[in-house]
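Position one of the sequence shown corresponds to residue 406 (the working numbering), numbered consecutively onward. From the three backbone atoms N, C-alpha and C, an ideal C-beta is built for every residue, glycine too. It should be emphasised that the depicted structure is a prediction, and the values quoted were computed from it without experimental measurement. Reviewing the structure listed below.
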Amino acid sequence: MQRIIIKVGSHVISEDNALSLKRLGNLVEFLTTLMKKYEVILVTSAAISAGYTKLNIDRKNLINKQVLAAIGQPYLMSVYNEFLSKFNKIGGQILLTAKDFDSRKATKHAKNAIDAMINLGILPIINENDATAIEEIVFGDNDSLSAYATYYFGANLLVILSDIDGFYDKNPSEFKDAKRLDKVDKILDSWLDMSVKTGSEHGTGGIITKLKAAKFLLENNKKMFLASGFDLSVIKAFLLENKQIGGTLFEN
Ligand code: ADP
């Protein structure tokens, strides 16, 4: 079976300082369907948003963000597991930092655990360990972590479910005539230089970290698909029916 990684951004699973249980429920249902056809690994953000539903402290301050992530991570996992249990599935938590990918030993240990979980029908759920690393809190929202996970854990494809339905030739929130690109086989340096504003206060990733993730994957002969996490019809068609009806496919 082909191994794929699905990364879901904070915007997609949180709304108005709360978790969007409706979207989480839809996502989990979709993931359990995917698990019949693929080996699936989930990379999830939104621990900070989940923590904020329990404790109302300033979420702009870095140390508070770490505290909120520490509170929110187990809560987020419990929500995933509650939804997964409806489909007789369980999720297992893997907390990683970029440093783990620098160590062959650490990467191998994590891969062994993930392989074993997949063989047992468990959904591995990865997030950054925000107590010891803050890279993805500060910049990234797990975009680069999920690209490394794709490469090092033997997946062929990274799916990024975002608040945007694909990559556009210019910022769609600024330019009405921006056009979505169906396929991209090379990341232009000029795109990486674009200074862009991200969608909202929750996400820290923005399009640049997604392009960098795509660049790393293309260089390593892997694929990335960027699609909406609000409306799952595009990703469903792509993964379950082999049809591209939207989104952006980054492929050599
Ligand atoms: P997420 O929370 O899913 O990680 P972000 O909101 O951080 O996503 O980044 C995606 C946002 O980047 C889009 O909503 C859009 O406002 C902005 N953006 C800027 N330039 C582009 C572009 N060329 N194509 C697509 N999105 C862009």
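Euclidean distance between Cα positions of residue i and residue j
i: residue 644; j: residue 447; result: 15 angstroms
i: residue 468; j: residue 590; result: 39 angstroms
i: residue 443; j: residue 657; result: 22 angstroms
i: residue 539; j: residue 422; result: 21 angstroms
i: residue 552; j: residue 592; result: 15 angstroms
i: residue 650; j: residue 566; result: 15 angstroms
i: residue 417; j: residue 633; result: 8 angstroms
i: residue 472; j: residue 456; result: 8 angstroms
i: residue 682; j: residue 630; result: The structure shown does not extend to residue 682, since the chain is modelled only from 406 through 657, so no value can be given for it.
i: residue 549; j: residue 623; result: 13 angstroms
i: residue 476; j: residue 582; result: 42 angstroms
i: residue 560; j: residue 410; result: 7 angstroms
i: residue 450; j: residue 546; result: 7 angstroms
i: residue 608; j: residue 414; result: Any reading at residue 608 needs caution, since the residue's pLDDT is 42, under 50, leaving its predicted position unreliable; the model's value is listed next. Residue 608 and residue 414: Cα-Cα distance of roughly 7 angstroms.
i: residue 576; j: residue 525; result: 43 angstroms
i: residue 460; j: residue 453; result: 10 angstroms
i: residue 496; j: residue 435; result: 14 angstroms
i: residue 521; j: residue 580; result: 47 angstroms
i: residue 642; j: residue 652; result: 11 angstroms
Collapsed DSSP secondary structure at residue i in the structure displayed
i: residue 459; result: coil
i: residue 602; result: With a pLDDT of only 49 at residue 602, under 50, the local geometry of the prediction cannot be trusted, and the value read off the model is given with reservation. Note: residue 602 maps to coil in three-state DSSP.
i: residue 585; result: strand
i: residue 545; result: coil
i: residue 557; result: helix
i: residue 577; result: coil
i: residue 538; result: coil
i: residue 415; result: helix
i: residue 493; result: coil
i: residue 648; result: coil
i: residue 595; result: helix
i: residue 640; result: helix
i: residue 505; result: helix
i: residue 526; result: coil
i: residue 590; result: coil
Contact test: residue i Cβ vs ligand 3 heavy atom, cutoff 6 angstroms
i: residue 551; result: As far as ligands go, the structure on display features ligand 1 and does not contain ligand 3.
According to DSSP, residues forming a beta bridge with residue i
i: residue 532; result: 500
i: residue 424; result: 419
i: residue 410; result: 446, 563
i: residue 633; result: 567
i: residue 653; result: 631
Contact with chain C by residue i, beta-carbon distance below 7 angstroms
i: residue 633; result: The chain labelled as chain C is not found in the depicted structure, where only one protein chain is given.
Item to complete: Mind listing, in chain order, the continuous beta strand (DSSP E) runs of no fewer than 3 residues lying wholly within the stretch 438–486?
Response: Scanning the stretch 438–486 from its first residue to its last, the whole beta strand (DSSP E) runs of 3-plus residues come out as 444–449.
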